[in-house]
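In this text, residue positions in the sequence shown follow full-length UniProt numbering: the first is 1, and each later residue adds one.
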Amino acid sequence: MQAIDALLGRISLAGKPQTVTGVLATPTGATQTARSAIKYMAGDIRAELQRQAAEVVPAGAAGASGRICFGVPDGYTPLANASVEQYDAFDKKVGASGSADNCGLFVLPTQPMTMQLAISAPGYRPVRAPVAVFQDPNKDGLPDALTLIPTTSQYVLTGLRLTNGNQLYFNVTDSATKKAVLGVGAAQISVLNNAAPLPVAAVGYGSYISNKPASVALVLDASGSMDDTALQIAAASARLFVGRKGSADELSLTIFDGNVVYLDKVNTQQMIDQNRLVFTDGSGQRIIPNAPESGYTTNPLFAEQMLKLYDSSSDAWRGTDPFLRIQGRYPFGGITALYKASVTAARSLKDTPNRRYIVAMTDGADNASSPDNPTTVINTAKANNVVAYTIGAGYYVDSASLQNIANQTGGSYTQVTDLTQLTKLSSVFDAIRTSITFDYAAVLARRPATGEVTLQVDIGGNVISSKIQVP
Numbered sequence: 001m002q003a004i005d006a007l008l009g010r011i012s013l014a015g016k017p018q019t020v021t022g023v024l025a026t027p028t029g030a031t032q033t034a035r036s037a038i039k040y041m042a043g044d045i046r047a048e049l050q051r052q053a054a055e056v057v058p059a060g061a062a063g064a065s066g067r068i069c070f071g072v073p074d075g076y077t078p079l080a081n082a083s084v085e086q087y088d089a090f091d092k093k094v095g096a097s098g099s100a101d102n103c104g105l106f107v108l109p110t111q112p113m114t115m116q117l118a119i120s121a122p123g124y125r126p127v128r129a130p131v132a133v134f135q136d137p138n139k140d141g142l143p144d145a146l147t148l149i150p151t152t153s154q155y156v157l158t159g160l161r162l163t164n165g166n167q168l169y170f171n172v173t174d175s176a177t178k179k180a181v182l183g184v185g186a187a188q189i190s191v192l193n194n195a196a197p198l199p200v201a202a203v204g205y206g207s208y209i210s211n212k213p214a215s216v217a218l219v220l221d222a223s224g225s226m227d228d229t230a231l232q233i234a235a236a237s238a239r240l241f242v243g244r245k246g247s248a249d250e251l252s253l254t255i256f257d258g259n260v261v262y263l264d265k266v267n268t269q270q271m272i273d274q275n276r277l278v279f280t281d282g283s284g285q286r287i288i289p290n291a292p293e294s295g296y297t298t299n300p301l302f303a304e305q306m307l308k309l310y311d312s313s314s315d316a317w318r319g320t321d322p323f324l325r326i327q328g329r330y331p332f333g334g335i336t337a338l339y340k341a342s343v344t345a346a347r348s349l350k351d352t353p354n355r356r357y358i359v360a361m362t363d364g365a366d367n368a369s370s371p372d373n374p375t376t377v378i379n380t381a382k383a384n385n386v387v388a389y390t391i392g393a394g395y396y397v398d399s400a401s402l403q404n405i406a407n408q409t410g411g412s413y414t415q416v417t418d419l420t421q422l423t424k425l426s427s428v429f430d431a432i433r434t435s436i437t438f439d440y441a442a443v444l445a446r447r448p449a450t451g452e453v454t455l456q457v458d459i460g461g462n463v464i465s466s467k468i469q470v471p
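Structure, rendered in C-alpha cells:
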C-alpha cells in the first residue's frame with residue numbers, strides 16, 4: 001500500500017522538495033471496449049466480432065503495451081508523452097516542465113507559487129487543472145487520474161440533480177465515447193441560485209461524498225424480437241459491465257419479455273422449477289445458483305451465471321462452457337413489458353442505503369406493461385431516488401419515452417440502431433458504468449432557495465452549464 005501511495009502521487013512534506021504526481025488518461029474508444037467484451041461471446045461469433053474490434057490504438061495512447069498501469073481505471077487508456085507545465089496565479093509559467101510516461105504517469109518538482117498545471121497532447125483538448133487536484137486526492141475524493149478528450153469531442157454536462165438538501169450530483173462526459181471525464185476539481189465549479197453565487201464547500205465523486213457504493217438494477221430485454229446475436233451481444237455487454245463494477249457496488253438482474261423476472265432467491269427458484277433447468281459445472285457435478293435473498297449482491301458470480309442463461313446460444317447452453325452447463329427450457333421470449341420491469345427494478349431499490357441506479361435496455365416498444373407506463377416509471381424512480389439510464393437498441397423503440405424517463409430521473413438515453421454490432425452496445429454499457437462510478441457531487445454551503453440552480457464547470461476554458469428548478 002505504501003508503494004502504491006508513493007506511485008499515485010502524494011506530496012513530499014517538510015524538509016524535502018515538493019513534488020506533484022498524477023496519471024493522465026483518455027477514454028478508450030468503442031472498438032477497444034469491444035475487445036474486452038469478446039471473451040464473453042460464444043465461439044462461432046468471435047471471429048466476426050474480432051474483425052469489428054480491429055482498431056488501431058490512437059496516437060499517444062499506451063494501452064497496447066501490455067503494462068499494468070496503476071491509477072488508470074477500467075475503460076481508460078494511459079496517455080503517454082502528454083506535456084505538463086506549471087503556471088502561477090498570474091498565468092505566468094514557473095518551474096520545470098515534464099511529460100507523462102507510457103503509463104500516463106508524471107512527476108514534477110513544484111514551486112511554492114504553482115497554482116495550475118497546463119496539460120496538453122497532440123490531438124487532445126488541452127486542460128488547465130488546479131494543482132490541488134493531484135496534491136491531495138484523498139481529501140476531496142478525486143483519484144490521481146485526469147482525462148484528456150480528443151479535439152473532435154466536446155465536454156457534456158448531464159444528470160444534474162439535487163439530493164440530501166444541499167448536494168448537487170452531476171456527470172461530465174465526452175461526446176464521442178460518452179464516458180466520464182475524470183479529475184474535475186472544486187476550483188472548476190461554480191453554482192448560482194436565482195443568479196446569485198452559492199458557495200461550494202467541496203467537490204468529489206459521489207461515492208466519496210456520500211461514503212456509499214452504488215446499487216445498480218440491470219433490466220434486460222429477452223422478448224421474441226431479441227434473436228440469438230442480439231442476446232449474445234447484450235449479454236456480453238452486460239457481463240463487461242458486471243466484470244468492471246466497483247468491488248463494493250452491488251447489482252441485481254431483472255429480465256423481461258411479456259413477463260418480468262426479478263432474480264431474487266424466490267423468483268430464481270421458481271424460474272428454475274417451471275423450466276426444468278439443470279445447472280452443472282464442467283465435470284457434470286450439479287450446482288445450484290446462489291441467488292441473493294434480496295436480489296442484490298456484490299458477488300458477480302450469480303450475475304455471470306444468469307447472463308449465460310439469458311444468452312440463449314451461450315457456451316453454457318451449448319455444453320462447452322468449462323464452468324457452467326445449462327439444460328432445460330429457455331425461460332424467455334414473447335412480447336415486451338419494459339415499463340413493468342423498470343417499475344419493479346425501481347421498487348427493488350427502495351430499501352438500500354446506497355446510491356441507486358437502473359440501467360434498462362430494450363429493442364422494441366413496450367406492449368405488455370399496462371397499467372404501468374413511462375409516467376409510473378418516472379414517479380417510482382423519483383420516489384425512490386433512483387437514476388435511470390435507458391438504452392434503445394434498434395429502430396423500433398419508443399425513443400421519446402426512453403429519453404423522457406432518463407431526463408426526468410437524472411440519467412441519460414442512448415439509441416443503438418444496430419444490435420449486431422458489439423462495438424456499439426458494449427461501449428454504451430461501459431460508458432454508463434463510468435458515469436455511475438465517477439458521478440460528481442458538489443456539496444453546497446447551504447440548501448438552495450426555491451427557484452433556479454445553475455451549475456457551471458470550466459475545463460481548460462471550455463465552460464459547460466446546466467440548470468434545474470428547485471421546488
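We put the beta carbon where it would ideally sit given N, CA and C, even for glycine.
What you are looking at is a predicted structure, and each value in this text was computed from that prediction instead of being measured.
Considering only S427, L251, D227, G258, the residue with the shortest C-alpha distance to D264 is L251. Unbroken beta strand (DSSP E) stretches of 3 residues or longer found wholly inside the UniProt domain "Prephenate dehydratase" (386-471): 386-393, 413-416, 440-444, 451-459, 462-470, given in chain order. Beta-carbon to beta-carbon, I459 and Q188 are separated by about 6 Å, close enough to satisfy the 8 Å threshold. For Q327, there is no enclosing alpha helix (DSSP H); the enclosing beta strand (DSSP E) covers residues 325-327. Each residue's CA atom was taken as its position, placing D321 and S312 some 13 Å apart. According to DSSP, residue pairing for R286 in a beta bridge involves T280.
Ranked by Cα distance from Y395, the first of A121, M226, Q415 is Q415.
Across the structure, D315 and K308 are spaced so that their CA atoms are roughly 8 Å apart. Within the region 184-265, the runs of beta strand (DSSP E) that reach at least 3 residues and sit entirely inside it are, in chain order, 189-193, 200-205, 214-221, 250-256, 260-262. For a cut-off of 8 Å, the C-beta gap from G334 to D257 is around 4 Å, short enough to register as a contact. Two segments are said to touch when three or more pairs of C-beta atoms, one from each, lie closer than 8 Å; by this definition the region 431-439 does not touch the region 190-204.
The residue among F332, R446, V216 with its C-alpha nearest the C-alpha of G411 is V216. In this structure, L148 and A121 form a Cβ contact; the two beta carbons are roughly 6 Å apart against a cut-off of 8 Å.
Distance from the CA of R244 to the CA of A236, rounded to the nearest whole angstrom, comes to 12 Å.
A straight-line Cα-Cα distance of about 29 Å links N102 and S207.
Counting the other CB atoms within 10 Å of its CB gives V203 a total of 16 or more, which places it among the buried residues. Between Q456 and the set Y155, A82, M115, the nearest pair of CA atoms involves Y155. The C-alpha of K93 is placed about 44 Å away from the C-alpha of R356. By the beta-carbon neighbour count (other beta carbons within 10 angstroms, threshold 16), I255 is buried. Judged by beta-carbon spacing, P78 lies beyond the 8 Å limit of T177, meaning their Cβ atoms are not closer than that value.
It is roughly 14 Å from the alpha-carbon of F302 to the alpha-carbon of I326. Check the Cα spacing between R161 and each of V397, F429, V387, L425: the tightest is with V387.
Where D174 is concerned, the enclosing beta strand (DSSP E) starts and stops at 167-174. Contact check between the region 334-348 and the region 210-228: three or more CB pairs, one atom from each, fall below 8 Å, which counts as touching. Check the Cα spacing between G461 and each of V184, G71, T298, D372: the tightest is with V184. Excluding residues up to 5 positions away in sequence, L157, L160, L455 lie with their Cβ nearer than 6 Å to the Cβ of S466 in the same chain. The criterion of a C-beta distance shorter than 8 Å is satisfied by D144 and V23. If you draw a straight line from the Cα of I209 to the Cα of A445, it comes to about 14 Å. Taken atom to atom, the span from the alpha-carbon of I378 to that of T409 is near 7 Å.
Spatial neighbours of N404 in its own chain (CB-CB distance under 8 Å, excluding positions within 5 residues in sequence) are listed in chain order as P374, I378. Just so you know, the alpha carbons of L402 and G392 end up roughly 7 Å apart. Per DSSP, Y357 is one residue of the beta strand (DSSP E) stretching across 355-362. With a beta-carbon spacing of about 4 Å, T380 and A346 fall inside the 8 Å limit used to define contacts.
The residues V343, in chain order, have a CB closer than 6 Å to that of T376 in the same chain once the five nearest residues on each side in sequence are set aside.
P374: member of the alpha helix (DSSP H) spanning 374-383, first to last residue. Between T163 and Y124, the gap from beta carbon to beta carbon reaches 8 Å or more.
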